[in-house]
């Protein structure tokens, strides 16, 4: 006799929430020891609305099909030498940034959502964390598969995990995420699910995936589409989690406001790497960082989301005005940092070609011609004289965001900004009021920061000379790093695209 | 505010001066030259004279810009205050301190 099939909703109820029980032999505080000390009060975990509403079997079936389709596209692209139809080899630099900077964060997210899948009190919240944990592991794997094909032909991609742990500029994403996973579970959810996956997600994801699409990278673009349904679930979760916490207790509001203030600035500073990638590493531009910031942050979030959150007593993030002021120059400041420190990075940088500089003049009418074009033109002229400009030394770093102190005073793009705090008789330096404010809230935490420059000087990075440090990073000098125009990536690209000679073969 | 934690949260600073022995970390900014994206950070002995620090460390870094003329730095500041080095003054005596900042213009 055929059995009646249960509805999805019913299966979800039976297989997730219905399998939960109240512990009676052990105090709930002992089973779930991490959900009280941050000061967040949850009175009713059942009020959690699960945006996933999936069961493990349906999740596995659906995602496996999706990943198989992606792998078929990636395989076809690789077999057909798809990399040859990119806009330019220079585009691959954005993949180097993505694989070394973002993919390891997916893995860290996988681990921490796994932790939450055990330690949140409510079964709905635990199950949502479980699904996201598996999503993040899948994204780690699919990103590695999608980008690994480029490793056969281009530099800088061969040991992304080691580089993430060691290379100076990758300490920016690494320390960002470690700040999150070393916080309590509710702060982590505000930091990653809300601030990163909801509030700032389009600013991160769109540049890479649209960048792939505009620059002929069908493989990475397909990854982007494939991950999109997961990402939209993560966004829903991010908004759900913040509303859930705000609705549970009025006393939660100031705590969450404080975290929103902190994680907006942390995330925004991290995105400065994406801003410079977007404006400088994509040969075919999507839109400028400034336009992207206006669309995704100012219009969608400040005008769309925050008026809704005002109902709960939440105001726009502290220091957001500074970010708005910086939209005219931040990407240029960070590109300038990356240009002169590319000798110690796993990507190549170069002066933008003339047409791209003209595009920037249009996109940044108030700042580019006045402040940055003269710098790039001088750099080009030095390069033509055989004196490619590099910063011959190590930079002063911000204690909080760990980016070289290349940001300027609010509204004055010619004066570098330096803020300091003293804690237990020791001086600490910051790039901005936002980073200083974050340090001053929790100095005990940030005094432990692993600052790449100071670690090199303490002898903890393979030695104190540049060749020793590069070797410790896993960067092959002259292959993975430095100037783009004289790089093997450029030489190979030119060779592959040289007009073919009748009777000649491709070597 | 302090870190909220389930246990006593107290760890030493990773870059405390004692980790550098007889040396200091000293930062230097060339204020009116945007070619340098950020100030530089050096490790130098406390007992080193400021004059040696300038000629051995600052000059070779600043020469990344081929237009640099070692005789032109002026308007020195140490940690935001006007500064002029007296003969033989050491870094320790200059008052810059660990992770402090010298600024000059040209």
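Protein chains in written order, with the working numbering: chain A, 1 to 507; chain B, 1 to 106. For every residue, glycine included, the Cβ atom is placed at its ideal position computed from N, Cα and C. From a predicted model like this one, the values you see are computed outputs, not experimental measurements.
Under 7 Å by beta carbon: chain B residues contacting residue i
{"i": "residue 281/A", "result": "None at all; the shortest Cβ gap to chain B is about 17 Å."}
{"i": "residue 42/A", "result": "Those do not exist, as residue 42/A stays about 16 Å from chain B at its closest Cβ, beyond 7 Å."}
{"i": "residue 405/A", "result": "38, 39"}
For residue i, the three-state DSSP class (helix, strand or coil)
{"i": "residue 490/A", "result": "helix"}
{"i": "residue 200/A", "result": "coil"}
{"i": "residue 7/A", "result": "coil"}
{"i": "residue 117/B", "result": "Not covered by the structure: residue 117/B. The range shown for chain B is 1 to 106."}
{"i": "residue 310/A", "result": "helix"}
{"i": "residue 498/A", "result": "coil"}
{"i": "residue 528/A", "result": "In the structure as shown, chain A begins at 1 and stops at 507. Residue 528/A is therefore absent and cannot be evaluated."}
{"i": "residue 285/A", "result": "coil"}
{"i": "residue 67/B", "result": "coil"}
{"i": "residue 455/A", "result": "helix"}
{"i": "residue 217/A", "result": "coil"}
{"i": "residue 40/A", "result": "coil"}
{"i": "residue 236/A", "result": "helix"}
{"i": "residue 223/A", "result": "helix"}
{"i": "residue 332/A", "result": "helix"}
{"i": "residue 402/A", "result": "coil"}
Below-8 Å beta-carbon distance, residue i vs any chain A residue
{"i": "residue 68/B", "result": "no"}
{"i": "residue 95/B", "result": "no"}
{"i": "residue 13/B", "result": "yes"}
{"i": "residue 74/B", "result": "no"}
{"i": "residue 105/B", "result": "no"}
{"i": "residue 71/B", "result": "no"}
{"i": "residue 33/B", "result": "no"}
{"i": "residue 88/B", "result": "no"}
{"i": "residue 24/B", "result": "no"}
{"i": "residue 54/B", "result": "no"}
{"i": "residue 48/B", "result": "no"}
Interface residues of chain A facing residue i [CB-CB closer than 8 Å]
{"i": "residue 6/B", "result": "33, 34, 37"}
Beta-bridge partners of residue i, as assigned by DSSP
{"i": "residue 26/B", "result": "42/B, 100/B"}
{"i": "residue 429/A", "result": "420/A"}
{"i": "residue 105/B", "result": "74/B"}
{"i": "residue 81/B", "result": "78/B"}
{"i": "residue 190/A", "result": "Residue 190/A pairs with nothing; no bridge assigned."}
{"i": "residue 395/A", "result": "40/B"}
{"i": "residue 408/A", "result": "416/A"}
{"i": "residue 90/B", "result": "49/B"}
{"i": "residue 483/A", "result": "349/A"}
Cutoff 8 Å: residue i Cβ touching any chain B Cβ
{"i": "residue 466/A", "result": "no"}
{"i": "residue 414/A", "result": "yes"}
{"i": "residue 395/A", "result": "yes"}
{"i": "residue 445/A", "result": "yes"}
{"i": "residue 504/A", "result": "Any reading at residue 504/A must be qualified, since the residue scores a pLDDT of 49, below 50, and its modelled position is unreliable; the value itself is stated next. Not closer than 8 Å to any Cβ of chain B, the Cβ of residue 504/A fails to qualify, so no."}
{"i": "residue 387/A", "result": "yes"}
{"i": "residue 449/A", "result": "yes"}
{"i": "residue 507/A", "result": "Because the pLDDT of residue 507/A is 46, which lies under 50, any placement of that residue in the model is unreliable, and the question is left without a value."}
{"i": "residue 429/A", "result": "yes"}
{"i": "residue 248/A", "result": "no"}
{"i": "residue 336/A", "result": "yes"}
{"i": "residue 375/A", "result": "yes"}
{"i": "residue 29/A", "result": "no"}
{"i": "residue 364/A", "result": "no"}
{"i": "residue 457/A", "result": "yes"}
{"i": "residue 426/A", "result": "yes"}
{"i": "residue 184/A", "result": "yes"}
Contact list for residue i against chain B, beta-carbon separation under 8 Å
{"i": "residue 329/A", "result": "Chain B residues near residue 329/A: none, gap ~11 Å exceeds 8 Å."}
{"i": "residue 512/A", "result": "What is shown of chain A runs 1 to 507, which leaves residue 512/A out entirely."}
{"i": "residue 454/A", "result": "14, 15, 25, 41"}
Amino acids of chain A, ordered along the chain, whose beta-carbon sits closer than 9 Å to that of residue i
{"i": "residue 64/B", "result": "340, 389, 390, 391, 392, 393"}
Chain A residues whose Cβ lies nearer than 7 Å to that of residue i
{"i": "residue 3/B", "result": "442, 444, 445"}
{"i": "residue 101/B", "result": "418"}
{"i": "residue 10/B", "result": "444"}
CB contact below 8 Å: residue i versus chain E
{"i": "residue 6/A", "result": "Chain labels in this structure do not include chain E; the protein chains are A and B."}
Report the residue ranges of all alpha helix (DSSP H) runs contained in full by the segment 371 to 395 of chain A; include only those spanning at least 4 residues, in chain order.
The qualifying runs are 373 to 384.
With a floor of 3 residues, list each beta strand (DSSP E) that falls wholly inside the segment 70 to 113 of chain A, ordered by position along the chain.
DSSP runs (the beta strand (DSSP E)) wholly in the segment 70 to 113 of chain A: none.
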